[in-house]
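Enquirer:
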Amino acid sequence: MTTWTTVLVGAALCYAAKLAGYLVPAELLERPRVARVSGMLPVALLSALVVVQMLGGPGGYALDARLVALGVAAVALRLRAPFIVVVALAAVTAAVLRQVSP
Amino acid sequence: MSGGPPADGPAVRRAVLRQAVSIGVASGAYGVSFGALAVAAGLDVWQACALSLLMFTGGSQFALVGVLGAGGTGVAAVATSTMLGLRNGLYALQLARLLRPRGPVRAAAAQLTIDESTAVTVAQEEPAVQRLGFWATGAAVFVLWNLATLTGALLGDALGDPRRYGLDAAAGAAFLALLWPRLRAVEARTVAAAAAAVAVVLLPHVPAGVPVLAAALVALVAGVRGGRR
Numbered sequence: 001m002t003t004w005t006t007v008l009v010g011a012a013l014c015y016a017a018k019l020a021g022y023l024v025p026a027e028l029l030e031r032p033r034v035a036r037v038s039g040m041l042p043v044a045l046l047s048a049l050v051v052v053q054m055l056g057g058p059g060g061y062a063l064d065a066r067l068v069a070l071g072v073a074a075v076a077l078r079l080r081a082p083f084i085v086v087v088a089l090a091a092v093t094a095a096v097l098r099q100v101s102p
Numbered sequence: 103m104s105g106g107p108p109a110d111g112p113a114v115r116r117a118v119l120r121q122a123v124s125i126g127v128a129s130g131a132y133g134v135s136f137g138a139l140a141v142a143a144g145l146d147v148w149q150a151c152a153l154s155l156l157m158f159t160g161g162s163q164f165a166l167v168g169v170l171g172a173g174g175t176g177v178a179a180v181a182t183s184t185m186l187g188l189r190n191g192l193y194a195l196q197l198a199r200l201l202r203p204r205g206p207v208r209a210a211a212a213q214l215t216i217d218e219s220t221a222v223t224v225a226q227e228e229p230a231v232q233r234l235g236f237w238a239t240g241a242a243v244f245v246l247w248n249l250a251t252l253t254g255a256l257l258g259d260a261l262g263d264p265r266r267y268g269l270d271a272a273a274g275a276a277f278l279a280l281l282w283p284r285l286r287a288v289e290a291r292t293v294a295a296a297a298a299a300v301a302v303v304l305l306p307h308v309p310a311g312v313p314v315l316a317a318a319l320v321a322l323v324a325g326v327r328g329g330r331r
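In order, the protein sequences belong to chains A and B.
Here the numbering used here is used: position 92 in the first sequence is 92, and no number is missing along the way.
To convert a position in the second sequence, counted from 1, into the numbering used here, add 102.
Shown next, in the form of structure tokens:
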């Protein structure tokens, strides 16, 4: 797929998912099995995305400043910091560590 | 009703509007990093902006450019972003009952159905304030998220490697922050741990994008098996 195809097909499918909630009869999406799987999907995907984004690198893993940033983010979340503060703290942590030891 | 102020009075309306604007500003700050990361992942400025205008759901957008940036295929990128976007359909189910949009209004409501607008809407008690919260938050985030994406994409071209600014870590922290409130139930924590384990094991051995797709199977298994109990 070209990048434009990826962008447009991805956007169309995400929009379709949003619209479906308004158009599809609620009973269909609320069948217990469908509801359980769709409730667990974001949990599994986000968890794997954290791993890939924070540990992934050329040829598999790369353990670097991101790992410390992840720890800082987890502590901030535990302390109930707002979303944007968590994200900013992680960015600043990684940026400073890379300045100190590139 | 208790003796407190009415749930749809002017003070409540002002509070909802303030909340909408502050959420919009916060997502704008985060949108700058999306724009910069998208450009670093190989998208051009127009493609980054098209994602924010048309896809308009941050988690899916970061996932899509993350998979492409790591060298994954377009199919893996689309599959990951779509599965992550399915939760918006569940929000829409809830919002359809609260907002009762009709006809073409539904098409616009659908596009603005995201984490932030849903959170503000369901926190209100009165239908009129729910509608105000939904449209104000959706509109504020839409405008600022798109302006921020454009800014980030243009800056990204000028600033170079986004890792210098920790933007790769910002994206990972955003995924963690979206995950965190979903971990209250034991079953969710088990699914999250299993999915992370699947990703860790597969990461060095399969093409980019595949570890996340494989982790989605954990949700499938957990959902189907949960029903047998």
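We treat Cβ as the ideally placed atom computed from N, Cα and C, and that holds for glycine.
All figures in this text were calculated on a predicted structure; none of them were measured in a lab.
Is it buried or exposed for V114 of chain B, if we count other Cβ within 10 angstroms and need 16 for buried?
Expert: buried
Enquirer: Kindly give me the distance between the Cβ atoms of A194 of chain B and A212 of chain B, rounded to whole angstroms, as I take these residues to be in contact under 8 angstroms.
Expert: 6 angstroms
Enquirer: Would you give the residue range spanned by the alpha helix (DSSP H) that T215 of chain B belongs to?
Expert: Looking at the DSSP string, T215 of chain B is not in any alpha helix (DSSP H), and its letter there is neither H nor E.
Enquirer: Quick check: the stretch 288 to 295 of chain B against the stretch 141 to 149 of chain B, are there 3 or more CB pairs under 8 angstroms?
Expert: no
Enquirer: Apart from the five residues on each side of it in sequence, which residues of its chain come closer than 8 angstroms, Cβ to Cβ, to L304 of chain B?
Expert: V312, P313, A316
Enquirer: Name the two residues that bound the continuous alpha helix (DSSP H) containing Q196 of chain B.
Expert: Unbroken alpha helix (DSSP H) run through Q196 of chain B: 176 to 201.
Enquirer: Got a sec? Which residues, its chain only, sit under 6 angstroms from L170 of chain B by beta carbon, not counting five neighbours each side?
Expert: A143, A179
Enquirer: Thinking just about the alpha-carbon of each residue, which of A:V85, A:S101, A:A81, A:V52 is nearest to the one in P309 of chain B?
Expert: A:V52
Enquirer: Kindly give me the distance between the Cβ atoms of A17 of chain A and T184 of chain B, rounded to whole angstroms, as I take these residues to be in contact under 8 angstroms.
Expert: 7 angstroms
Enquirer: Which partner residues does G39 of chain A have in the DSSP bridge list?
Expert: Paired residues: none, contrary to the question.
Enquirer: Quick one: is Q149 of chain B near chain A, going by C-beta distance under 7 angstroms?
Expert: Chain A, which has a Cβ nearer than 7 angstroms to the Cβ of Q149 of chain B, makes this yes.
Enquirer: Note down, in chain order, each residue of its chain lying with its Cβ closer than 6 angstroms to the Cβ of Y267 of chain B, except the 5 sequence neighbours on either side.
Expert: Setting aside the 5 residues that flank it on each side, Y267 of chain B has no residue in the same chain whose C-beta is closer than 6 angstroms to its C-beta.
Enquirer: Looking at the structure shown, is G59 of chain A part of a helix, part of a strand, or coil, going by DSSP?
Expert: coil
Enquirer: Please classify G258 of chain B as buried or exposed, where buried requires at least 16 other C-beta atoms within 10 Å of its C-beta.
Expert: Here G258 of chain B is buried, its C-beta having at least 16 other C-beta atoms within 10 Å.
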